[in-house]
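Structure record follows, encoded as structure tokens.
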Amino acid sequence: MTDARPPRIDLLVLARLATTKGRPLSVGKLEQDLFPFVEARLSRREWSSSLTDCLASLRKRREIDDRRVPTTKGLERLHEALGVRTLPERWSRIWRALMPALALQLPGRRWSDVASAEKLRARLIRQEHELSLPEAPTLTQAVDAQAWRALGLDETGPLTLGKLRRALLERTLGASLRERSIDTTRAGQWLATAAVETTTREIAAVQRALVSRWLFEDEGERDDAVAPSPPTAPKPTRGRGPNERRIPPSETSQPGTRPPSSEPLSLEGWARRVVAIARATRAGRYGDERAFIASVWHAAQAEPDPLPETLAEFKTRLVEANRAGLLRLHRADLVGAMDDRLVRESEARHLNAIFHFIEIPLRSIP
7 MTDARPPRID LLVLARLATT KGRPLSVGKL EQDLFPFVEA RLSRREWSSS
57 LTDCLASLRK RREIDDRRVP TTKGLERLHE ALGVRTLPER WSRIWRALMP
107 ALALQLPGRR WSDVASAEKL RARLIRQEHE LSLPEAPTLT QAVDAQAWRA
157 LGLDETGPLT LGKLRRALLE RTLGASLRER SIDTTRAGQW LATAAVETTT
207 REIAAVQRAL VSRWLFEDEG ERDDAVAPSP PTAPKPTRGR GPNERRIPPS
257 ETSQPGTRPP SSEPLSLEGW ARRVVAIARA TRAGRYGDER AFIASVWHAA
307 QAEPDPLPET LAEFKTRLVE ANRAGLLRLH RADLVGAMDD RLVRESEARH
357 LNAIFHFIEI PLRSIP
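Using our numbering, read the sequence shown as starting at 7 and increasing by one per residue.
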């Protein structure tokens, strides 16, 4: 048997009795009206026993009289507990808005903020998902904010197709775009440009790059290109061997360690090692979650088994890992407050994006 005495049941009973017009409610009617609020936790028998005890307690404290009418003392306590000076006249307003407002951590006096179905749903979504929204958001604001959160995109405001296309495109390219909204034509320009790695979105540049690719590719590369990679596979690093194995997380879990192997690290394993080195070094940190690219590269060179890349090669591979979603790069915005030399040395470019930091996640890359 569960605890048959909900801690605030006396307030529910007092509120129902206080909004009764005409003759006081019978115990049977009171039990019937209030059972839907407790039936998820209590059986009918438990509820009946709990209500009997509650009424006896209210009488003992002189908060209701013998006819079950709330006294002045009872009404004063009810007003104070619910956070209102006067009660709504109708019982439906109390259980549909006032008490839900308290459950949603709003002061009772603001019960009108959740008086409509849309307002209540919006506030509930805001609280449940801990969204950064006004205290009384619109339903559209709440739904859009949760959609951005569910997509894992660092975006706010209305969820429009153009903004969604831009956010997903940034994730694919691993670059920040200036446009707030991107149409299909512009998205196609960016994707095609990234595919052939040109420095301009002009179609002539893409065409020249394709001709160059065709001129220099051998028959083996052409055969490989016939079978497309699975859509979820990260973009392979150029020059990687076809038989290269993936490095299990356990082999790179310690900062600065590398398994004894003559094989090169996969891009995934390489990204894990870079993040581990970034987490281990304290030099060149910007807060707890970011480290300058150059500082991490210098730390990697001081390892017993240093990374083989030059700084320029290191930046190139960082961009590839960022595009594949294996780590995250960020731009330094407040450069005036930073070490100029470190900012310049850390600068990595991709298309029109500039990066300076490697993000250090709260937990290791899986």
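Quick reminder that beta carbons are idealized off the backbone N, C-alpha and C, glycines included.
Only counting the same chain, and skipping five residues up and downstream in sequence, which positions put a Cβ closer than 8 Å to that of R337?
S182, A359, I360, F361, H362 and F363
Taking a contact to mean a Cβ-Cβ separation below 8 Å, would you say A21 touches L112 in this structure?
no
Are the CB atoms of T78 and I70 within a distance shorter than 8 Å?
no
Tell me whether S272 is buried or exposed, calling it buried when 16 or more other Cβ atoms sit within 10 Å of its Cβ.
buried
Express the C-alpha separation of S122 and L324 in angstroms, rounding to a whole number.
50 Å
Give the straight-line distance between the Cα atoms of K169 and S187, rounded to the nearest whole angstrom.
Annotation: K169 to S187 spans about 5 Å, alpha carbon to alpha carbon.
Same chain, Cβ closer than 7 Å to A284, neighbours up to 5 away in sequence not counted
Here the set comprises A297, V302, I364 and I366.
I'd like to know whether the C-beta atoms of L104 and P94 end up nearer to each other than 8 Å.
Yes. Within cutoff.
Buried or exposed, going by whether 16 or more other CB atoms sit within 10 Å of the CB of W101?
buried
Paired residues, beta bridge with H135 - DSSP
The partner list for H135 (beta bridge, DSSP) is empty, contrary to what the question assumes.
Report yes if the C-beta distance between V120 and I131 is below 8 Å; otherwise report no.
no
Does the Cβ-Cβ distance between R329 and L174 come in under 8 Å?
No. Outside cutoff.
Same chain only: Cβ atoms within 6 Å of E351, ignoring 5 sequence neighbours per side:
A300
Output yes or no for whether 8 Å exceeds the beta carbon distance between R96 and P30.
no
Cβ shell of E45 (< 8 Å), same chain only, five flanking positions each side left out:
W53
Where E176 and E315 are concerned, what is the direct C-alpha to C-alpha distance, given to the nearest angstrom?
26 Å
Quick check on the DSSP output: the alpha helix (DSSP H) that includes E274 runs from which residue to which?
L273 to A286
In or out: K27 buried (at least 16 other Cβ within 10 Å) or exposed?
Note on K27: under 16 other CB atoms within 10 angstroms of its CB, so exposed under the neighbour-count rule.
Does A330 come out as helix, strand or coil in the three-state DSSP assignment?
coil
I299 bridges to which residues according to DSSP?
According to DSSP, which records beta bridges pairwise, I299 is partnered with nothing at all.
Given that a residue counts as buried once 16 or more other Cβ atoms are within 10 Å of its Cβ, and exposed if not, what is S56?
Around the beta-carbon of S56, 16 or more other beta-carbon atoms lie within 10 Å, marking it buried.
Going straight from the alpha carbon of P140 to that of W117, what length do you get?
16 Å
Taking V19 and C60 to be in contact with their CB atoms under 8 Å, please state how far apart those CB atoms are, rounded to whole angstroms.
5 Å
Inter-residue spacing [alpha-carbon to alpha-carbon] between T25 and L108
19 Å
Bridge-paired residues (DSSP) for P76:
I70
Kindly provide the ranges of any alpha helix (DSSP H) runs that are 4 or more residues long and lie completely inside the stretch 169-211, ordered along the chain.
190-202
Which residue comes first and which comes last in the beta strand (DSSP E) that contains R355?
That run of the beta strand (DSSP E) goes A354 to H356.
Cβ-based burial, W220 [other Cβ within 10 Å; buried from 16]:
exposed
For F320, is the classification buried or exposed, using 16 other Cβ atoms within 10 angstroms of its Cβ as the cut-off for buried?
Burial is judged here by how many other beta carbons sit within 10 angstroms of a residue's own beta carbon; F320 has at least 16 and is buried.
With DSSP as the reference, label A4 as helix, strand or coil.
In the structure as shown, the chain begins at 7 and stops at 372. Residue 4 is therefore absent and cannot be evaluated.
Does DSSP classify L36 as helix, strand or coil?
helix
Might you give, ordered along the chain, the residues of its own chain that have their beta carbon closer than 7 Å to the beta carbon of R91, omitting 5 neighbours on each side?
Same-chain partners within the cutoff: H85.
Reference R68; option with closest CA among D16, L332, A151 and R214
D16
Which same chain residues, not among the five before or five after G245, have their C-beta less than 8 Å away from its C-beta?
With a pLDDT of 39 at G245, under the threshold of 50, the modelled position of this residue cannot be trusted; read the value that follows with caution. Excluding sequence neighbours, G245 sits near nothing in its chain.
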